[in-house]
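Protein chains: 2
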Amino acid sequence: MSYKFNIATVETSCKNCSLSELCLPRGLTDSEMQSLDTLVEKRKPYKSGEYLFQSGQIFKNLYAIKSGSVKVVLPSEDGEQQIIGFFMPGELLGLDAMGKKTHVCSAIALETTSVCSLPFDDMQDICHDIKSLSKQFLSLISSEIGNEHQMLLTLGKKKAESRLATFLINLSSRFSRRGLSSNAFNLTMSRHDISNYLGLADETVSRLFTRLQDDNVLSVNRRLVEIVDHEKLKAIAKL
Amino acid sequence: MSYKFNIATVETSCKNCSLSELCLPRGLTDSEMQSLDTLVEKRKPYKSGEYLFQSGQIFKNLYAIKSGSVKVVLPSEDGEQQIIGFFMPGELLGLDAMGKKTHVCSAIALETTSVCSLPFDDMQDICHDIKSLSKQFLSLISSEIGNEHQMLLTLGKKKAESRLATFLINLSSRFSRRGLSSNAFNLTMSRHDISNYLGLADETVSRLFTRLQDDNVLSVNRRLVEIVDHEKLKAIAKL
DNA sequence: CGGCCTATTGACGCTACTCAACATGAGTGG
DNA sequence: CCACTCATGTTGAGTAGCGTCAATAGGCCG
Numbered sequence: 173m174s175y176k177f178n179i180a181t182v183e184t185s186c187k188n189c190s191l192s193e194l195c196l197p198r199g200l201t202d203s204e205m206q207s208l209d210t211l212v213e214k215r216k217p218y219k220s221g222e223y224l225f226q227s228g229q230i231f232k233n234l235y236a237i238k239s240g241s242v243k244v245v246l247p248s249e250d251g252e253q254q255i256i257g258f259f260m261p262g263e264l265l266g267l268d269a270m271g272k273k274t275h276v277c278s279a280i281a282l283e284t285t286s287v288c289s290l291p292f293d294d295m296q297d298i299c300h301d302i303k304s305l306s307k308q309f310l311s312l313i314s315s316e317i318g319n320e321h322q323m324l325l326t327l328g329k330k331k332a333e334s335r336l337a338t339f340l341i342n343l344s345s346r347f348s349r350r351g352l353s354s355n356a357f358n359l360t361m362s363r364h365d366i367s368n369y370l371g372l373a374d375e376t377v378s379r380l381f382t383r384l385q386d387d388n389v390l391s392v393n394r395r396l397v398e399i400v401d402h403e404k405l406k407a408i409a410k411l
Numbered sequence: 173m174s175y176k177f178n179i180a181t182v183e184t185s186c187k188n189c190s191l192s193e194l195c196l197p198r199g200l201t202d203s204e205m206q207s208l209d210t211l212v213e214k215r216k217p218y219k220s221g222e223y224l225f226q227s228g229q230i231f232k233n234l235y236a237i238k239s240g241s242v243k244v245v246l247p248s249e250d251g252e253q254q255i256i257g258f259f260m261p262g263e264l265l266g267l268d269a270m271g272k273k274t275h276v277c278s279a280i281a282l283e284t285t286s287v288c289s290l291p292f293d294d295m296q297d298i299c300h301d302i303k304s305l306s307k308q309f310l311s312l313i314s315s316e317i318g319n320e321h322q323m324l325l326t327l328g329k330k331k332a333e334s335r336l337a338t339f340l341i342n343l344s345s346r347f348s349r350r351g352l353s354s355n356a357f358n359l360t361m362s363r364h365d366i367s368n369y370l371g372l373a374d375e376t377v378s379r380l381f382t383r384l385q386d387d388n389v390l391s392v393n394r395r396l397v398e399i400v401d402h403e404k405l406k407a408i409a410k411l
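Chains as they are written, first to last, in the working numbering: chain A, 173 to 411; chain B, 173 to 411.
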């Protein structure tokens, strides 16, 4: 068996990437994708716990997740930290640093994770040439802002149980967008991460998981979650 | 006394706008500003309570605030709503709709408010020609994302009193950026708006104002707030 | 002056946090 | 392979902070 392309090239080629419809290349022609490919930097995958970037470091790259998952964390003035989001394949991170010299947040791999590094300056240049790319870029930015608005709603208005339900529904739909099961998946983040993200205590999240299991909404086994009653979960998520 | 320019022109000219250093024109040459001016649309000011845009409406424009202030509100699935942010002169709003056909949020004037309307399609075209504009645009977007990250931290980690203190410190620094007093200002939003924004009950916010007044941190008279002890307030804001 | 809306204050109850003990699984070394 | 430790997660008891309900006060407008 022989390959037409060398494997490294295929791996970082937008054209052959299964995520292209979720990610920056969406809507680009083949030749435009090739231009985009020229700026994508290769790197060996991050191991679980490794930093993609850290608060205070010079900002150079945006990152698109190829596989794995990442948490983005904002340090607070008093030494605590807040998880701002979890990022999965096809999603773009580092956007809050675009206007600055250094990163404000840190990004940490939750499992073995491959990314496409996109040098921001080059990215701007290519956007200047390819209008459909800059359009898709703004579109991804905009939906990122939209996600964060939803999160503000979740933290501002919803009770603990609804927050967790909202979180699970959100994960479910992101898995299904990628063609994975929307009803059963593995959490790549710890209970501690989930509670931090949702503004709750660890114990509360733990109790909620057991309650939702007792109510036959979920079936939970450590990090494996199965959504037994999707409708009920959605109803709980609403408030 | 005579004017070199007609007043309407002066009003919508970025070059003569006192906010240009906070807003999109920052870093642009005079001729670039003129290009930007060509796309700014005029309109009579909004009165208090009027909608700049409403959830579900077709998305056409971004808005830069010239004077006054605006709240942006996200409706939730169950008929409630969450205030996502308050916008003041020099700030840009509508960003969460860029990738979509319609607005998700609504924007409501809190007082008599003048804005610059920026048709998004034209805006993209001009960004394509003027690199420094697209840079400044991304920079504004990025700091907007940064603000929302801070808000996630506030809602996720801080107790009621710290939330209110954080809110007031934030307002204070935004007033001072515009050359206004950082120690005494009028709130343009109601207590109800503040509590909604901060994820608290109206009564809690009311109690906190009186407590901070009793502790000689603030002096509050209805919507007029004076920060008596800025350091103490900052300390409370941290957690 | 009277009515209305916004804001304040009080009393009470519930949600979710804290502190603490315990369980379970993963990883390590003998 | 088993015993050990450590990290992670679960469960219980007690409580504080904040939400809810309700009554009252104060500014604003006709």
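We put the beta carbon where it would ideally sit given N, CA and C, even for glycine. Note that the structure is a prediction, hence the values are computed from the model and not measured.
Rounding to the nearest angstrom, what Cα-Cα distance links residue i and residue j in this structure?
i: Arg-395 (chain A); j: Asp-202 (chain A); result: 39 Å
i: Met-205 (chain B); j: Arg-215 (chain A); result: 41 Å
i: Ala-279 (chain A); j: Gly-257 (chain A); result: 10 Å
i: Asp-365 (chain A); j: Ser-334 (chain A); result: 17 Å
i: Thr-181 (chain B); j: Lys-187 (chain B); result: For Thr-181 (chain B), the pLDDT reaches just 48, beneath the cut-off of 50, and the residue's location in the model is therefore unreliable, leaving the point undetermined.
i: Ser-192 (chain A); j: Val-212 (chain B); result: 35 Å
i: Ile-302 (chain A); j: Val-276 (chain B); result: 28 Å
i: Leu-246 (chain A); j: His-321 (chain B); result: 7 Å
i: Lys-238 (chain B); j: Leu-264 (chain B); result: 10 Å
i: Arg-379 (chain B); j: Asp-387 (chain B); result: 12 Å
i: Leu-267 (chain B); j: Leu-290 (chain B); result: 11 Å
i: Leu-352 (chain B); j: Gly-262 (chain B); result: 13 Å
i: Arg-133 (chain A); j: Cys-195 (chain B); result: No answer is possible for residue 133 (chain A): it lies beyond the span of chain A, which begins at 173 and ends at 411.
i: Tyr-235 (chain B); j: Thr-376 (chain A); result: 41 Å
i: Asp-374 (chain A); j: Arg-363 (chain A); result: 6 Å
i: Ala-409 (chain B); j: Ser-304 (chain A); result: 43 Å
i: Lys-404 (chain B); j: Ile-317 (chain B); result: 28 Å
i: Arg-350 (chain B); j: Asp-250 (chain A); result: 28 Å
i: Met-252 (chain B); j: Val-389 (chain B); result: A small fix is needed here, since residue 252 (chain B) is Glu in this sequence, not Met. Computed Cα separation, rounded: 33 Å.
Which stretch, first to last residue, makes up the beta strand (DSSP E) that contains residue i?
i: Phe-259 (chain B); result: 253-259
i: Leu-390 (chain A); result: 390-393
i: Leu-211 (chain B); result: Segment 202-211 is the alpha helix (DSSP H) holding Leu-211 (chain B); no beta strand (DSSP E) there.
i: Ile-302 (chain A); result: Segment: none, Ile-302 (chain A) is in no beta strand (DSSP E) and carries neither H nor E.
i: Leu-384 (chain A); result: Premise fails: Leu-384 (chain A) lies in the alpha helix (DSSP H), 374-386, not in any beta strand (DSSP E).
i: Leu-194 (chain A); result: Taken as a continuous stretch (DSSP letters only), Leu-194 (chain A) belongs to no beta strand (DSSP E), as it is neither H nor E.
i: Tyr-235 (chain B); result: 233-239
i: Ala-356 (chain B); result: 356-358
i: Pro-291 (chain B); result: 286-291
Apart from the five residues just before and just after residue i, which ones in its own chain have a Cβ nearer than 7 Å to its Cβ?
i: Ser-185 (chain A); result: Asp-209
i: Ser-391 (chain A); result: Gln-385, Glu-398, Val-400
i: Lys-406 (chain A); result: Ile-341
i: Thr-326 (chain A); result: Arg-335, Thr-338
i: Ser-348 (chain A); result: Ser-354
i: Met-295 (chain B); result: Leu-211, Leu-234
i: Ala-269 (chain B); result: Phe-231, His-275, Val-276
What do you reckon, are the CB atoms on residue i and residue j nearer than 8 Å?
i: Asn-233 (chain A); j: Phe-292 (chain A); result: yes
i: Leu-324 (chain A); j: Gln-254 (chain B); result: yes
i: Ile-331 (chain B); j: Gly-371 (chain A); result: The sequence as given places Lys at residue 331 (chain B); Ile does not occur at that position. Their beta carbons are not under 8 Å apart, which means Lys-331 (chain B) does not touch Gly-371 (chain A) by this criterion.
i: Gly-271 (chain B); j: Ser-314 (chain A); result: yes
Got a sec, what are the start and stop residues for the alpha helix (DSSP H) residue i sits in?
i: Val-400 (chain A); result: Unbroken run through Val-400 (chain A): none, as it is neither H nor E.
i: Phe-225 (chain A); result: Segment 223-225 is the beta strand (DSSP E) holding Phe-225 (chain A); no alpha helix (DSSP H) there.
i: Ser-345 (chain B); result: 332-349
i: Ile-366 (chain A); result: 363-370
Using a Cβ-Cβ cutoff of less than 6 Å, which residues in the same chain neighbour residue i once the five nearest sequence positions on both sides are dropped?
i: Met-173 (chain A); result: Its pLDDT being 45, under 50, Met-173 (chain A) is placed unreliably in this model, and the coordinates cannot settle the point.
i: His-402 (chain B); result: none
i: Gln-226 (chain B); result: Ser-278
i: Asn-358 (chain B); result: Arg-395, Leu-396
i: Arg-198 (chain B); result: Gln-308
i: Ala-356 (chain B); result: Glu-398
i: Phe-381 (chain B); result: Val-392
i: Leu-343 (chain B); result: none
Pick from the options: whose alpha carbon is nearest that of residue i?
i: Phe-231 (chain B); options: A:Ser-311, A:Phe-259, A:Gln-226; result: A:Ser-311
i: Asn-368 (chain B); options: B:Ser-248, B:Ala-356, B:Thr-285, B:Glu-316; result: B:Ser-248
i: Asp-297 (chain A); options: B:Ile-298, B:Leu-200, B:Pro-217, B:Ser-306; result: B:Ser-306
i: Thr-274 (chain B); options: B:Gly-228, B:Cys-288, B:Ser-344, B:Arg-383; result: B:Gly-228
i: Met-260 (chain B); options: B:Thr-382, B:Ser-304, B:Ser-286; result: B:Ser-286
i: Pro-217 (chain B); options: B:Gly-251, B:Ala-269, B:Cys-288, B:Leu-200; result: B:Cys-288
i: Leu-200 (chain B); options: B:Cys-299, B:Glu-222, B:Tyr-223, B:Thr-284; result: B:Cys-299
i: Tyr-223 (chain A); options: A:Arg-383, A:Thr-284, A:Val-389, A:Leu-343; result: A:Thr-284
So, for residue i: in the same chain, excluding its five sequence neighbours on each side, which residues have a beta-carbon less than 8 Å away from its beta-carbon?
i: Leu-282 (chain B); result: Ser-220, Gly-240, Ser-241, Val-242, Lys-243, Phe-258, Thr-360, Met-361, Asp-365
i: Cys-189 (chain B); result: Cys-195, Pro-197, Lys-238
i: Asn-319 (chain B); result: Gly-257
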